[in-house]
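Start counting the sequence shown at 1; every next residue gets the next number (the working numbering).
Everything on this sheet refers to the single structure shown next.
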Amino acid sequence: MRYQEFVIPLLSIVTSLIIGAIIIHLSGLNVFRAYQGLWQGAFGKPRAIAETFVITTPYILTGLAVAFGFKCGLFNIGVEGQLYAGAVSAAFIGYALRGLPHFVHLPIAIIAGIAGGAVWGAIPGYLKAKTGGHEVINTIMMNHIMIKLTDYLVKNPMHDTTASIPRTPYILDTAYLPKLIPGFRLHWGFIIALAAVFLIYFVLYKTTTGFEIRTVGLNQNAARYAGMNITRNFVIAMAISGGLAGMAGANEVLGLNYNLPAAFISGYGFDAIAIALLAKSNPFGIIPSAILWAALRNGAGLMQIRADISIDLINIIQAFVIMFIAAPTIVRWIYRIKADKAKADVVLTKGWGK
């Protein structure tokens with residue numbers, strides 16, 4: 001029954017919120033006030049909604065990045081590093097290239113961000129295909145490399161000597177992503193992220209490359225027997241995945257910060273794993289999943305103020321959502337939902353060393 005693909009994630013969220021409510025009640029705090037603050041902080045006013053969508057933007061792109069890797073049977077843990085690679089590349093192009101009109105400079109800066117992430121993603125894809133090196137280990141290590149490399153670049157060759165804190169020079173006005181709504185921080189990167197969802201869906205389900213990537217993800221041996229190039233598909237999948245993450249980093253620099261500080265710690269790359277799992281790697285499912293995660297993140301502050309509750313409760317709720325998504329049998333048992341025997345659970349990645 002295909003409806004379970006939507007019902008199980010929804011019930012996972014509801015169950016997690018119920019558990020959160022129980023924890024709040026046992027702590028002697030007001031459940032209604034806490035969740036009211038969470039809702040109002042995320043959607044209560046136009047500015048709150050805009051801020052939620054600001055956070056949604058990188059979540060959509062990084063969630064797509066992880067989901068695309070899943071489609072090829074790859075677990076891309078390196079989205080955080082690929083996001084950094086895109087941010088560094090976009091920042092450099094943003095302040096170093098001068099004398100270009102806006103309609104030329106901005107696309108070049110965005111493309112540079114995509115390219116930076118794509119290169120950083122393609123490397124572990126190639127290592128996986130050629131040496132058998134597991135992408136989880138490689139991408140985790142490359143996260144550390146890129147984060148430390150970014151710190152070095154921002155504090156040394158890319159450092160703005162006129163700044164009181166370690167950061168790059170401000171990007172030029174010609175590289176700015178325009179604001180989507182005047183007076184709000186929401187920028188056109190949000191529209192780019194939504195367009196990326198449709199583009200990734202088209203690539204995966206309407207092109208030969210997408211068919212090969214999905215086939216390799218389902219069964220490498222069958223794909224190889226059919227004449228598909230496993231190495232090429234691994235590299236392409238990880239490059240596209242990295243490029244999406246790099247675009248997220250470019251959006252943060254070109255649409256929000258307008259420079260790259262040394263303490264550029266986002267956490268988006270790791271939250272993206274949960275978003276992709278919640279969406280079942282469906283490109284269109286990434287949008288509501290990203291909005292949910294952004295709402296929890298944006299509304300947590302007001303919830304903390306209104307109910308005098310620790311902001312860590314949001315992390316607890318998110319952890320329960322992930323747990324229920326990873327173990328849907330628990331949700332089926334709680335709500336007495338029979339498992340769909342005709343459709344086996346999707347295996348996202350291959351085992352270690354395979």
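Backbone N, C-alpha and C define an ideal beta-carbon position, used for all residues, glycine too.
Predicted, not measured: the structure shown is a model, and the values here were computed from it.
Asked                                                                                                            : Found
Exposed unless 16 or more other CB atoms sit within 10 angstroms - verdict on N221                               : exposed
Assumed close pair V104, G269 - CB separation to whole angstroms, cut-off 8 Å                                    : Actually they are not in contact, since the Cβ atoms of V104 and G269 sit about 30 Å apart, beyond 8 Å.
The region 302 to 322 / the region 7 to 27 touching (three or more Cβ pairs under 8 Å)                           : yes
Simplified DSSP assignment, three categories, for P46                                                            : helix
Minimum C-alpha distance to I334 - residue among F6, E5, L11                                                     : L11
Span separating the alpha-carbon of G285 from that of F234                                                       : 23 Å
Distance, S241 Cα to A129 Cα                                                                                     : 16 Å
Close-in-space but distant-in-sequence residues of the same chain around R185 (CB under 6 Å, 5 per side omitted) : V54
contact_flag[the region 206 to 221, the region 91 to 110] where n(CB pairs < 8 Å) is 3 or more                   : no
Environment of N315 [buried if 16+ CB atoms lie within 10 Å]                                                     : exposed
Contact under 8 Å by Cβ, N76 with V88                                                                            : no
R167, DSSP secondary structure in three states                                                                   : strand
Distance CB(A96)-CB(G116) smaller than 8 Å                                                                       : no
Between the CA atoms of P328 and M228 - distance to the nearest angstrom                                         : 33 Å
Which listed residue (I230, G94, A50) has its alpha carbon closest to that of P182                               : A50
Touching by the beta-carbon criterion (3+ pairs, under 8 Å), the region 267 to 282 and the region 30 to 39       : no
Enclosing alpha helix (DSSP H) for L106 [first to last residue]                                                  : 102 to 131
For P288, the three-state DSSP class (helix, strand or coil)                                                     : helix
Cβ neighbour criterion (16 or more within 10 Å) applied to N298                                                  : buried
Reduced DSSP category for P261 - H, G, I as helix; E, B as strand; rest coil                                     : strand
Local Cβ density within 10 Å of L172, reported as buried at 16 or more and exposed below that                    : buried
Straight-line Cα distance separating A290 from M303                                                              : 19 Å
CB contact flag (L100, T52, <8 Å)                                                                                : no
Which of helix, strand or coil DSSP assigns to K338                                                              : coil
Helix, strand or coil at H159 according to DSSP, with G and I counted as helix                                   : coil
Validate contact between the region 256 to 264 and the region 142 to 155 using beta carbons, cut 8 Å, 3 pairs    : yes
Where H144 sits in the DSSP three-state scheme                                                                   : helix
A122 versus I325: straight-line alpha-carbon distance, rounded                                                   : 29 Å
Assumed close pair V331, G94 - CB separation to whole angstroms, cut-off 8 Å                                     : Their Cβ separation, rounded to whole angstroms, is 45 Å, which puts V331 and G94 out of contact at 8 Å.
Start and end residues, alpha helix (DSSP H) containing V321                                                     : 312 to 326
6 Å Cβ shell around N259 - same chain, five flanking residues per side excluded                                  : R167, T168, Y170
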